[in-house]
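Down below is the structure, laid out as structure tokens.
Chains as they are written, first to last, in the numbering used here: chain D, 831 to 1349; chain B, 831 to 1349.
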């Protein structure tokens, strides 16, 4: 699903020993920055200074060190270790982050909002991409900004529409928002990556004349194919792991290490399986995370449970922090063409407009079929609009576009994306807290997403008040989907949980203990 | 210290998406092999089948899959993911393994045998390298085997003298041997890598005419410089981490994740610091492991202690298993020149002879200065001779030599090393258990190394029976060293432990709890 250009480190060999030493210095610097980020993040959180969330702090540290390295003219052999390699990002940094988000996800709000999430991810991303693309094209025609061909505008629209789960997650989890809003923002940001990547890819093949005139429905079909395939493979791997741990009997006998090794390997297996099949690894590992938490996890011995929860938390926070540092550093190091400030300025405005169109269309569509008590309120729509942060995903695709497009065009897109990432992460990320408070959708503290869920049951439970709305075909379909969600809960309770797990009713206890253990 | 040729993946870009998919398939295969190795290893251990230790099982799995991949003619893009990259090995796989061995090390037997270990590592490795080199040269002159120039013979001698900590550790820990023997074998194998690498490097620069006639003393001096420097930097980083965790107050406040993140980053920091300074990362991270276990560890909160112990155990067993699979696969995939079977056969005999010379000379030297009750007994000498397994370290250096030497020579050396690795790991590794039992140096079960230590105190404690031996200068020096070891224990108890840790007397309790947690 993901498309990459392997930009491996150049294979020149300087005097023996030198290269290894440069690698040492490079990695040393990265570790120091990681340590610094953790310490700064900790200090900021201690003092409840929410205007610079941890993500922004890491990005700023990366930027600063990058600027310093640029000024001091570091050896290229050291610098080589800092280039943002898309491959490294997609294969090693992204999987733990997404798995952890699936693993720590409260499944109920996610599934009860599943229809809305899919609408936002598929239709919304399509709308946002096309609107951005056309606006940028029109801007070029009217000499407001650097002129790009329509196809390239649409490519830019697609890549910039990938709202980034990494950025969004780290900021939302920090603040603790309403559980439904969180589920919407998070779900959209994870699933729309797959859509954005597939859109980008289609446009890219149109641009290189490999295919032409692939229409909208084919596109949606291919997206759905990928999505369903990835979801099934992810769920499948999760179920296999549940059965393995149920019957292998590793929870006795002091086999904690073996148990943990196997448990840790499964998510990565799922990611790579999906990638190997040409599907979306992100979607697959997300569902593996959800299934493994729900079924496999309770088959582990108690000490392994505590370990696994802490392990994934640790790995994902390391990866997350590293992504921001890495991105900041690379932004400072890469050559930019700042000559087109107009392009940057207007594209920021245009993506705001495009996201407004996206959110209002999709929200209205969802509200049309939802009963009155489950409507997406206006303040949630505003929060959704505001929280469309762009991050590592857009950045990685923009780096890709430098290879795909004519030089000046690629550079312009890359610089614009870079600027948008910095602006959204630092400015919007820093003000999201204030914004969410102003909209009164903030939970009470760190664990808000979970606590609001408990106190908020009426809103979540799919209660059906038939007759409150007119019955169009689409509506009936969606209602059926809702009903299948409820019947899924029954199915889960009566068949899946007994089949895939050893215990049955102490789920909630173990959930609590993990949350204590992982913090 | 380490010298490397960056053999990064070639930067060709096939059709977009394809490359990512190939990477997915490659990594997927690797994960499957890891899972298989763990399962096979578990089954073998369950049935107490010690003729195939886990290391051999992994190597064999790697070999088999490699052969299959070779026959089935897999795409090169997938194959690319399996090439043994020395850089990846030295930067990412080796550090966790060595750290874990330092971290899980019982420090007393290691330090009470420190003099002997250093003798074996420096003098012993030098003897073994030179003897092997000259024997191979003589073999060439007498047409017994493929003829190589003397310098290249010495290079081969150096690289093949690196007894591998990875291989040795995994087999010895499994069996549980006498604690002093374990300390000797393990200590030698870790420290002699630094010596072997530095010897190899010197010979390599002589070969390429960069330097000529660097003499023995300069070599030893440079080794000692590297060694002392690496040790100091490792110990220094360890002490800094101890102070940080003592005063940062992270063990309260539910900051387990932050605490663990920082704790996990320190060892890697130490490794990269040493590499960046041109020192030996292996030696540095080993001492960081020892110091962090002894001081930093007790400053952690209890849950973090449990987590950290399990974490390092997990990471190192993953890395260890992966190294063997990786090596087995690469052995099956690389082109070998099997035309020189004579070379392989005789070099196996020669390294046996060289190791016998090495062990008997060093052991006699050590016994000369040790009191009667601390002599290295003949059966330990035999075990030491037998346990000189060659593994990943020799393999990585041999890969290096393919780049450094004329083609036919490099290939011959590489094939011989490969064969030696397979023979020592599979045959000797498989029979080490029987051998150790025959020599009656086996402990009682998994945890022998620790248990024998308790029951064996008289042998370990440096008791001085003055006047049992004549007083040469060397002897006096070494005695002083012994005395400094005892006074180190006092220094530790009275100054270091109170200064670097928060608690003082519950060390032993926490040690126990870790051992329970990590298994």
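We put the beta carbon where it would ideally sit given N, CA and C, even for glycine.
From a predicted model like this one, the values you see are computed outputs, not experimental measurements.
Can you give the beta carbon distance from residue 1122 of chain D to residue 854 of chain B, rounded, assuming they're within the 8 Å contact cut?
-> The residue labelled residue 1122 of chain D in the question sits at position 292 within the first chain. The residue labelled residue 854 of chain B in the question sits at position 24 within the second chain. Not confirmed; about 20 Å, so no contact.
Within the stretch 891-961 of chain B, ranges of the alpha helix (DSSP H) (whole runs, at least 4 residues) | DSSP assignment within the stretch 891-961 of chain B yields the following whole alpha helix (DSSP H) runs of 4 residues or more, N-terminal first: 906-909, 924-933, 937-942, 944-949.
Three-way DSSP call (helix, strand, coil) for residue 1220 of chain B in this model = Residue mapping note: residue 1220 of chain B aligns to position 390 of the second chain, counting from 1. The answer is strand: DSSP assigns residue 1220 of chain B an E or B state.
For residue 1115 of chain D, which option in D:891, D:869, D:934, D:863 has the closest C-alpha, if you only look at C-alpha atoms?
-> Within the first chain, the letter at position 285 stands for residue 1115 of chain D. Per the Cα distances, D:934.
According to DSSP, what are the bridge partners of residue 993 of chain D?
-> Sequence index remark: in the first chain, residue 993 of chain D carries index 163 (1-based). Beta-bridge partners assigned by DSSP to residue 993 of chain D: D:1220.
Tell me, please, whether the stretch 1187-1194 of chain B touches the stretch 1208-1215 of chain B by the rule of three or more beta-carbon pairs shorter than 8 Å.
-> Output reads yes: the stretch 1208-1215 of chain B touches the stretch 1187-1194 of chain B.
If you count every other CB in all the chains shown that lies within 10 Å of the CB of residue 1129 of chain D, and 16 or more means buried, which is it?
-> Working through the first chain from its first residue, we reach residue 1129 of chain D at position 299. By the beta-carbon neighbour count (other beta carbons within 10 angstroms, threshold 16), residue 1129 of chain D is buried.
Which word fits residue 1194 of chain D, buried or exposed, when buried means at least 16 other C-beta atoms lie within 10 angstroms of its C-beta?
-> By one-based count along the first chain, residue 1194 of chain D stands at place 364. Under this definition residue 1194 of chain D is an exposed residue.
Does the stretch 936-953 of chain D come close enough to the stretch 1006-1022 of chain D to have 3 or more Cβ pairs within less than 8 Å?
-> Result yes; three or more Cβ-Cβ pairs closer than 8 Å.
Cα-Cα separation between residue 1067 of chain B and residue 1118 of chain B, rounded to whole angstroms = Residue mapping note: residue 1067 of chain B aligns to position 237 of the second chain, counting from 1. Residue mapping note: residue 1118 of chain B aligns to position 288 of the second chain, counting from 1. Rounded to whole angstroms, residue 1067 of chain B and residue 1118 of chain B show a C-alpha spacing of 7 Å.
For the stretch 882-896 of chain D, which residues have a CB atom closer than 8 Å to at least one CB atom of chain B, in sequence order?
-> Against chain B - using a Cβ distance shorter than 8 Å - the stretch 882-896 of chain D contributes no residues.
State yes or no: is the C-beta of residue 1090 of chain D within less than 9 Å of the C-beta of residue 992 of chain B?
-> Translated into the one-based positions of the first chain, residue 1090 of chain D becomes position 260. Translated into the one-based positions of the second chain, residue 992 of chain B becomes position 162. It is not a contact, given that the beta carbons lie outside the stated cut-off.
Is residue 1332 of chain D buried or exposed, if buried means 16 or more other CB atoms sit within 10 Å of its CB?
-> Counting from 1 along the first chain, the entry for residue 1332 of chain D is found at position 502. Exposed: under 16 other Cβ atoms inside 10 Å.
To the nearest angstrom, report how far apart residue 1110 of chain B and residue 918 of chain B are at their CA atoms.
-> Here residue 1110 of chain B is taken as the residue at index 280 of the second chain, counted from 1. Here residue 918 of chain B is taken as the residue at index 88 of the second chain, counted from 1. So the alpha carbons of these two residues sit roughly 16 Å apart.
The stretch 1066-1098 of chain D: positions lying closer than 8 Å to chain B by Cβ | Flagged, chain order: 1084, 1085, 1086, 1087, 1088, 1090, 1091, 1092, 1094, 1095, 1098.
For the 8 Å Cβ check, are there 3 or more pairs between the stretch 1070-1078 of chain D and the stretch 1092-1107 of chain D?
-> Yes, since at least three Cβ pairs between the stretch 1070-1078 of chain D and the stretch 1092-1107 of chain D fall closer than 8 Å, the two stretches touch.
Between residue 855 of chain D and chain B, is there a C-beta pair that is closer than 9 Å?
-> Position 25 of the first chain, counting from 1, holds the residue named residue 855 of chain D. The beta carbon of residue 855 of chain D falls within 9 Å of a beta carbon belonging to chain B, placing the residue at that interface.
Of all the options B:1098, B:970, B:956, B:1253, which has the alpha carbon lying nearest to the alpha carbon of residue 856 of chain D?
-> Indexing the first chain from 1 puts residue 856 of chain D at position 26. Nearest neighbour of residue 856 of chain D by Cα position, chosen from B:1098, B:970, B:956, B:1253, turns out to be B:1098.
Min CB distance residue 1218 of chain D to chain B below 9 Å | Within the first chain, residue 1218 of chain D is the residue found at index 388, counting from 1. For residue 1218 of chain D, the answer is no, since every Cβ of chain B falls outside 9 Å of its Cβ.
Tell me whether the beta-carbon of residue 1113 of chain B lies closer than 9 Å to the beta-carbon of residue 989 of chain B.
-> Position 283 of the second chain, counting from 1, holds the residue named residue 1113 of chain B. Position 159 of the second chain, counting from 1, holds the residue named residue 989 of chain B. In this structure, residue 989 of chain B does not lie closer than 9 Å to residue 1113 of chain B by Cβ.
Starting from the beta carbon of residue 864 of chain B, find every residue of chain D whose beta carbon is closer than 7 Å, and list them in chain order.
-> Along the second chain, one-based indexing puts residue 864 of chain B at 34. Listed along the chain, the chain D residues whose CB falls inside 7 Å of the CB of residue 864 of chain B are 1095.
Near-chain B residues of the stretch 1106-1137 of chain D (beta-carbon distance less than 9 Å), N- to C-terminal order | Listed in sequence order: 1106, 1107, 1108, 1111, 1133, 1134, 1136, 1137.
By DSSP, does residue 1007 of chain D sit in helix, in strand, or in coil?
-> The residue given as residue 1007 of chain D occupies position 177 in the first chain. Correct three-state label for residue 1007 of chain D: strand.
Extent of the continuous alpha helix (DSSP H) to which residue 1325 of chain D belongs = On the first chain, position 495 is the one that residue 1325 of chain D refers to. Where residue 1325 of chain D is concerned, there is no enclosing alpha helix (DSSP H), given that its DSSP letter is neither H nor E.
Neighbour-count burial assignment, residue 1204 of chain B, 16 or more Cβ in a 10 Å radius | Taking the first residue of the second chain as 1, we reach residue 1204 of chain B at position 374. Flag for residue 1204 of chain B reads buried.
Applying a beta-carbon distance threshold of less than 7 Å, which residues of chain B neighbour residue 851 of chain D?
-> Residue numbering aside, residue 851 of chain D sits at position 21 when the first chain is read from its first letter. By Cβ distance, chain B contributes 1105, 1106, 1108.
For residue 1170 of chain D, the three-state DSSP class (helix, strand or coil) = Translated into positions along the first chain, residue 1170 of chain D becomes position 340. When secondary structure is reduced to three states using DSSP, residue 1170 of chain D falls in the helix class.
For residue 895 of chain D, the nearest candidate out of D:976, D:1160, D:872 (CA to CA) = As a working note, residue 895 of chain D is residue 65 in the first chain. Cα-wise, what sits closest to residue 895 of chain D is D:1160.
Among the residues of its own chain, which have a CB less than 6 Å from the CB of residue 928 of chain D, if the five just before and after it don't count?
-> To locate residue 928 of chain D, count along the first chain from 1; it is residue 98. Around residue 928 of chain D: 1112, 1115, 1116.
Neighbourhood of residue 1289 of chain D by C-beta distance below 8 Å, restricted to the same chain and skipping five residues each side = On the first chain, residue 1289 of chain D is found 459 positions in, with the first residue counted as 1. With a pLDDT of only 36 at residue 1289 of chain D, under the threshold of 50, the placement of this residue in the model should not be trusted; the figure read from the coordinates follows. Within the same chain, residue 1289 of chain D has close Cβ partners 1010, 1203, 1204.
So, is the C-beta of residue 1063 of chain B closer than 9 Å to a C-beta in chain D?
-> Translated into positions along the second chain, residue 1063 of chain B becomes position 233. Taking 9 Å as the threshold, the shortest C-beta distance from residue 1063 of chain B to chain D does not fall below it.
Completely contained alpha helix (DSSP H) runs for the stretch 1069-1122 of chain B, where each covers 4 or more residues | Counting whole runs of 4 or more residues, the stretch 1069-1122 of chain B contains the alpha helix (DSSP H) stretches 1086-1106.
Within chain B, the residues that residue 1147 of chain D reaches when beta carbons sit closer than 8 Å = Numbered from its first residue, the first chain carries residue 1147 of chain D at position 317. For the C-beta of residue 1147 of chain D, the chain B residues within less than 8 Å are, from N- to C-terminus, 1087, 1091.
Backbone secondary structure at residue 1180 of chain D - three-state DSSP = By 1-based counting over the first chain, the position of residue 1180 of chain D is 350. Looking at residue 1180 of chain D - three-state DSSP - the assignment turns out to be helix.
Would you mind sorting residue 1137 of chain B into buried or exposed? The rule is 16 or more other CB atoms within 10 Å of its CB.
-> Working through the second chain from its first residue, we reach residue 1137 of chain B at position 307. It is buried - the Cβ of residue 1137 of chain B has at least 16 other Cβ atoms within 10 Å.
Chain B contacts made by the stretch 911-936 of chain D, where a contact means CB separation under 8 Å = Within the stretch 911-936 of chain D, the residues whose Cβ lies closer than 8 Å to some Cβ of chain B are 917, 920, 921, listed in chain order.
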